[in-house]
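Peer 1: A single structure is presented below for examination.
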Amino acid sequence: MDIRKFFGGREKRKFPEISSSGSDEHEGIYKIPKSSNEPSTSYDRNTRNADPSTSKKLTNEERFENDIGQWVGRSNHLTTSQKMDILKRCWTPPENYNFSEDAIAVGSKRKFNHSWLQAYAPWLAYSKILKGALCLYCVLFPPKKVQGVLGSFIIKPFTRYKDIHEGCRNHISNNWHQGATEAAKSFMEEVPINIMMVSGHQKVLEQNRKIISSIISNVLFCGTHDLPFRGKGQNEGVFYDLIQMRIEAGDQYLQNHIEKGKRNAIYTSPQIQNEIINISGTVIKDCIINDVKKAVAFSIMADETADISGTEQLSIGIRFFDDEKRAIREEFLGFIELHAMDAVNIASAIDHFIQNEGLDGTKLVGQGYDGCATMAGKINGVQTILREKYPHALFFHCASHKLNLVVNDLNCVPEIRNTISTVKDIINFFRESVLRRKCIPNIPAFCETRWSQKYRSISIFKENFEIIVHALDKLSKDGNTATRKVAFQLYAVANKSIFIMSVILIAKYSKLLEPVVNALQSKNLDLLKCSNFIKKIVVIVKDHREHADTEIQELLTAANIAAENIGAEINLPRIVKQQQHRSNPPALNSAEFWKRSLLIPYLDSLISSLERRFSDENIPAFSLLLLHPSNMLDMNTKEFKLKINDFANYYQIKDLESEAELWYNIWKEKKLAKSKLSDMEMSEVVEETDIFFPKIKQALHISLAQPCTTSTIERSFSTLRRVKTWLRSTMTENRLNGLCILSVHRKLLDEKKEEMQQKILSRFCEDSRQLSLL
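In this note's numbering, the protein residues as written are 2 to 775.
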């Protein structure tokens, strides 16, 4: 026995099915299923008022004019006047209509409620023929291109009345209904039928894209201002507050989407936020990479740091000359997580980045790193490994790092080394306590990465030296036990003659170096500028060395004033015949002693360190500077041609020699003053090559693309610490990269706001979404 016959029960109700005739715009005409005793009857104009349960004609009382159920799947058979008639006078059951019989007929436990027609007017309609709820607009204006499966309200009546409210809300939010609603409105306004459906669908797309665009704007705002997206709760935080602000400001599309949209298509979840952040970072990076590909040459810059979670991050940047903007550009392109800190892995990460971004390796002319052995090693360093694959990529030791090493080299003078250590201890002593800080003006601590801050700290310390010493004297008497002990020791050192003289000397040359350190951080710095800055310093320091007698008198005068203000006196140290632990030069007077023991060793160390660390070690790179008129005109034509062959052969620039002679003669005929030529920047010289000197222009582009410092890369470390904090320490690498790129390149987003948002929106719409976006 068949188990189904044992349980019995009503036969399932069958709804209209699609025929295979293909005459309807929806792949066939929808048919009412036939009874067991009667043949099926297709709906057409002649059987418009036929009852599906009988073949006889209905009486006038039983006739239901404009019942929407007769046109399910057959709306293309309606004339314009008929559609208008149904829209205006669709059949509505009277209030005393017996819905119970219909419910029994379809096997539903609940019956239709007449009040629902008013609640969901004007689109909800009831069909006596199909005994269920339908959407008036979707039946008359069904979608032409169906993506997915059409269901209740469109090709079959809705009869699950216990879920009527949920079903109506879901139907309102779907794209088919929104398009049909727009089409019905346009039809009522007598818009031509061939434009109606297209315009309705287009309006839905525009509304959906406006919604996503608003969400993207919120993401970009949080990303460019380093704001956290989420709060403690699921729907808390800056991102959700911005959405509410937009709604309060009158964004109706966003309000309707948040309040009435499908719960699985709101697009405000953390996953969507991460996707938009990742897309935004990729769009910005692609925009920069496209500019790099147009350039003649480029250089790679990299540096490493650890984030708040202890992950080693390699910051990658690129430098090139933008011929359209006539400017040198140094751009941060993201972080690469390092799993090992050896040279092979770092070089592999950089090479993998170059390959992934589709950069032309033949255009790579420089590598900018700090001077650590892993990066700068000549045998197994990163720069050596990469040069095996990219032979033109010369290594450039960051000029800022080299200048900092110059300052560190001064520690070979014991008096200077001890003074610097004492200054650090005094600053830290006052910064350790809030009460101590109030005793002196605010003096920034020595920063190991912000070297310009170091020189500024020394200058401020020297300017407030008198206040600091008096504060130490007071704390050595009035403080607690620990404070008194440390304050007394520091006070004793601060009153010594050698300390006072050293502070005055260091502060003087810190002021000399500070502008150069700041200038070296400029993105527009080129090798010529860098070389000129260092040469100027060397010239000044050498001049001070030649006139040491005058310099020591100025130092002594300033030291005596400072000593008098704190109640001390500049005295000569005790001199013995044999001294191993400090300088003990012979001297007839105080000025002679300090000149021989302090000033001359300090200046000699500074000069030798500058000349050694800033020598022209990259001969092909620095020989490109000969194309600058100020250097070129210092030699004759023959000598100029010979030296040009060095970099012409190295960079494989053909026919450069033929242009070089004409280039030399043109600048010689201009007869410009030497000072005016020296003031010309390399980017200004490039403008003279636009028409007649393509090879000279190529050589100058290579020179401008070579890195001088890694300051741009090190600035990204500050961004990393602002973005990845203790409270956000578990973010993924893609999210971190996207947020850091948004933060660093906020100016680029401001300049091309609309263009960037459209690119991000287009990239987001490429994937399949619940909302119709394409």
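Beta carbons: idealized from backbone N, C-alpha and C, even for Gly.
1. Taking all protein chains shown into account, decide if residue 184 is buried (16 or more other Cβ within 10 angstroms of its Cβ) or exposed.
2. Are residue 90 and residue 162 closer than 8 Å when you measure CB to CB?
3. Going by the DSSP bridge assignment, what does residue 302 pair with across the sheet?
4. Taking the continuous beta strand (DSSP E) assigned at residue 447, which residues delimit it?
5. If you compare alpha carbons, which of 305, 266, 335, 562 is closest to residue 290?
6. Hey, which unbroken runs of the alpha helix (DSSP H) at 4 residues or more fall wholly within the stretch 699 to 729?
7. Does the ligand SAH have even one heavy atom less than 7 Å from the beta-carbon of residue 660?
8. Check whether the Cβ atoms of residue 211 and residue 268 lie closer than 8 Å to each other.
9. So, helix, strand or coil for residue 675, using DSSP?
10. Assuming residue 187 is part of the alpha helix (DSSP H), what are its boundary residues?
11. Taking the C-alpha atoms as reference points, what is the distance between residue 231 and residue 744?
12. Relative to the C-alpha of residue 182, which candidate in 525, 519, 263, 203 has its C-alpha closest?
13. By the DSSP assignment, the alpha helix (DSSP H) with residue 565 in it spans what residues?
14. DSSP has residue 133 in a bridge; who is on the other side?
15. Can you tell me which residues form a DSSP beta bridge with residue 339?
16. With respect to the alpha helix (DSSP H) encompassing residue 354, which residues constitute its N-terminal and C-terminal limits?
17. If we ignore side chains and look at the alpha-carbon of each, how far apart do residue 536 and residue 591 end up?
18. Can you list, in chain order, the residues of its chain whose CB lies under 7 Å from that of residue 564, leaving out five sequence neighbours each side?
19. Please report the distance separating the alpha-carbon of residue 599 from that of residue 559.
20. According to DSSP, simplified to helix, strand and coil, what is residue 332?
21. Put residue 545 into one of helix, strand or coil per three-state DSSP.
22. DSSP beta-bridge partners for residue 737?
23. Would you call the stretch 219 to 235 and the stretch 270 to 278 touching, i.e. three or more CB-CB distances under 8 Å?
24. Rounded C-beta distance between residue 399 and residue 720? I'm assuming under 8 Å.
25. Whole angstroms is fine: what's the gap from residue 758's alpha carbon to residue 160's?
26. I'd like the span of the beta strand (DSSP E) that includes residue 398, first residue to last.
27. What residue from 520, 462, 519, 540 has the CA that sits closest to residue 503's CA?
28. Note down the Cα distance separating residue 418 from residue 394, rounded to an integer number of angstroms.
29. In terms of residues, what are the limits of the alpha helix (DSSP H) holding residue 746?
30. Quick test of your reading: residue 129 and residue 224, contact by CB under 8 Å. State the CB separation rounded to the nearest angstrom.
31. May I ask you to report which of helix, strand or coil DSSP gives residue 696?
32. Taking residue 656 as the reference, which of 697, 534, 101, 567 has the closest Cα?
33. According to the neighbour-count rule (16 or more other Cβ atoms, all chains shown, within 10 Å of its Cβ), is residue 133 buried or exposed?
34. List the endpoints of the continuous alpha helix (DSSP H) containing residue 294.
35. Give the C-beta separation of residue 321 and residue 293 to the nearest angstrom, bearing in mind that I take them to be a contact with Cβ-Cβ under 8 Å.
36. Please state whether the Cβ-Cβ distance between residue 73 and residue 156 is less than 8 Å.
Peer 2: In brief:
1. So residue 184 ends up on the buried side.
2. no
3. Its beta-bridge partners are 318, 369.
4. Segment: none, residue 447 is in no beta strand (DSSP E) and carries neither H nor E.
5. 335
6. 712 to 724
7. Judged by which ligands are present, the structure shown has none, so any question about the ligand SAH falls away.
8. no
9. helix
10. If you look at residue 187, you'll find it in the alpha helix (DSSP H) that goes 176 to 189.
11. 17 Å
12. 203
13. 549 to 566
14. Bridge partners of residue 133: 128.
15. 313
16. 344 to 357
17. Spanning the two alpha carbons is a distance of roughly 32 Å.
18. 501, 570, 571
19. 15 Å
20. DSSP places residue 332 within a strand segment (E or B) once states are collapsed to three.
21. helix
22. Looking at the DSSP assignment, residue 737 forms no beta bridge with any residue, so it has no partner.
23. yes
24. Not quite, the Cβ-Cβ distance comes to about 19 Å (not below 8 Å), so this is no contact.
25. Residue 758 and residue 160 have their C-alpha atoms spaced approximately 44 Å apart.
26. 395 to 398
27. 462
28. 38 Å
29. Here residue 746 belongs to no alpha helix (DSSP H), and DSSP marks it neither H nor E.
30. With a beta-carbon spacing of about 57 Å, residue 129 and residue 224 fall beyond the 8 Å limit used to define contacts.
31. helix
32. Scanning 697, 534, 101, 567 for the CA closest to the CA of residue 656 turns up 697.
33. Buried, by the Cβ-count rule.
34. 271 to 295
35. The pair is a contact, with the Cβ atoms about 5 Å apart (cut-off 8 Å).
36. yes
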